[in-house]
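> Residue numbers (my numbering): 8 to 403. Where a beta carbon is used, it is the ideal one built from N, C-alpha and C, also for glycine. Bear in mind that the values here come from a model prediction, so they are computed numbers and not experimental data. What follows is a structure written as structure tokens; I'll ask about it next.
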Ligand SMILES: [Zn+2]
Ligand SMILES: [Zn+2]
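If you want it as structure tokens, here you go:
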């Protein structure tokens, strides 16, 4: 086992320059969700150079399949996401490979996720004879945009057809250093849903409120009552958030408007709690607006499910990580985070484990948060990430 780990680490070091060049090329040439055509061609070209069979179950993105030399029905999938964000980037640390495409930038690290998995492909293709069963390398499009590439790929049936038994994925994380990973079993990332509400009243003169149904007053009551959903209706041991992100109503001093609007997000870790929040919201809306002679429109738009890590796979991941990184490199998180990830769709079908790959450092100016214009990764994270992904499939 120690020998195998050392071999994998040496290979990761050998391919490190390749990963850096690949990451910088992708960084310069970002493509937003569902438009990753050149990125897909690039990845296909790289996989074909290694003699890996390639498939395109969706319009963009692709899957490479490595057939191991040891016969087995074991099928493990490793997933990277490949899309960039619709934004402009900043930062001197990235000056040499700044985005050359207007309105698109890799400010969530998916360039590094892609280069890292191509590095893993290099390592694994050199060890093909020793691999048991099949390895799927998933280069997934559109993590950033609903309905999510993870959902479309899962629903396409391609992974089921290939007999996938388990899946692993990672995300770069500025809160941890290269050489570290952070993970936990069970709930890791939240289910993000969105809502849009219109409260309907009867407009009129501000001086004759008795002749109107004031939607602003109704909205005030709705906002206050929404604060009781998490505090009074959700099990206090389960995390949940209801945030109203925008309220809008009225035009001027002396007019009572006919309607008022608000939008926001709900974060939970289960369908049960998401639907409980949704139903409580609707009861409150109905209970406040209807007796007052008003009305409402309510849309609850379902986002991604929560990322819930499989216990057994998380243990495997942590033990593989300890042998690649040493025990200091493995941080076991105590609490989940309230951001979302479309990796959750795979976990609806297959046992899966998702982890954070430390990528923050002062030298690389890479401690900025996800989606910040200066978001960057310390490229050394790919030494860890590629070796760990390879170790996961070789080490079982
Ligand atoms: Zn993102
Ligand atoms: Zn991301």
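(1) Mapping the DSSP letters down to three states, classify residue 269 as helix, strand or coil.
(2) With distances taken from CA atoms, which of 60, 69, 202 is nearest residue 45?
(3) In this structure, how does DSSP classify residue 155 when only helix, strand and coil are distinguished?
(4) Counting pairs of Cβ atoms below 8 Å between the stretch 156-172 and the stretch 103-112, do you hit three or more?
(5) Consider the C-beta atom of residue 377 and the heavy atoms of ligand 2; say whether any pair is separated by less than 7 Å.
(6) Less than 7 Å between C-beta atoms, sequence neighbours within five positions excluded: which residues of the same chain meet that for residue 20?
(7) Does the separation of the CB atoms of residue 143 and residue 72 fall below 8 Å?
(8) When you compare only the Cα positions, how much space is there between residue 264 and residue 226?
(9) Which of the three DSSP states, helix, strand or coil, is assigned to residue 404?
(10) DSSP three-state label for residue 165, please.
(11) What residues are listed by DSSP as bridge partners for residue 253?
(12) Can you give me the C-alpha to C-alpha distance between residue 237 and residue 12, rounded to a whole angstrom?
(13) Got a sec: does ligand 1 put a non-hydrogen atom nearer than 7 Å to the Cβ of residue 297?
(14) Looking at the structure shown, is residue 316 part of a helix, part of a strand, or coil, going by DSSP?
(15) Opposite residue 306 in the DSSP bridges: which residues?
(16) Roughly how many angstroms lie between the CA atoms of residue 129 and residue 22, to the nearest whole one?
(17) With burial defined as no fewer than 16 other Cβ atoms inside 10 Å of the residue's Cβ, what is the status of residue 141: buried or exposed?
(18) By DSSP, does residue 53 sit in helix, in strand, or in coil?
(19) Could you please give me the residues that DSSP links to residue 112 through a beta bridge?
(20) With distances taken from CA atoms, which of 47, 356, 198, 331 is nearest residue 185?
(21) Please classify residue 339: does DSSP put it in a helix, a strand, or coil?
(22) For residue 143, which beta-bridge partners are listed by DSSP?
On the basis of the coordinates in this document:
(1) Residue 269 falls in the strand class under three-state DSSP.
(2) For the residues 60, 69, 202, the minimum Cα distance to residue 45 belongs to 69.
(3) Three-state result, residue 155: coil.
(4) No, the stretch 156-172 is not in contact with the stretch 103-112.
(5) For ligand 2, a non-hydrogen atom lies closer than 7 Å to the CB of residue 377.
(6) Excluding five sequence positions before and after residue 20, the CB atoms of its chain that fall closer than 7 Å to its own CB belong to 390, given in chain order.
(7) Annotated as proximal: residue 143 and residue 72, with beta-carbon spacing under 8 Å.
(8) In this structure, the CA atom of residue 264 is about 12 Å from the CA atom of residue 226.
(9) Summary: the structure shown does not reach residue 404, with the chain confined to residues 8 through 403, and so no result is reported for it.
(10) In the three-state reduction of the DSSP assignment, residue 165 falls in the helix class, which pools H, G and I.
(11) Answer is 270, bridged to residue 253.
(12) When only Cα atoms are considered, residue 237 and residue 12 end up about 46 Å apart.
(13) Because no heavy atom of ligand 1 lies under 7 Å away, the Cβ of residue 297 does not count as near it: no.
(14) Strand at residue 316.
(15) For residue 306, which the question treats as bridged, DSSP gives the partners 203.
(16) Distance between the alpha carbons of residue 129 and residue 22: 7 Å.
(17) Residue 141 should be labelled buried.
(18) Helix, per DSSP.
(19) The partner list for residue 112 (beta bridge, DSSP) reads 92.
(20) That would be 331, whose Cα lies nearest to the Cα of residue 185.
(21) Collapsing the DSSP output to three states places residue 339 in a strand.
(22) In DSSP, residue 143 forms a bridge with 72, 84.
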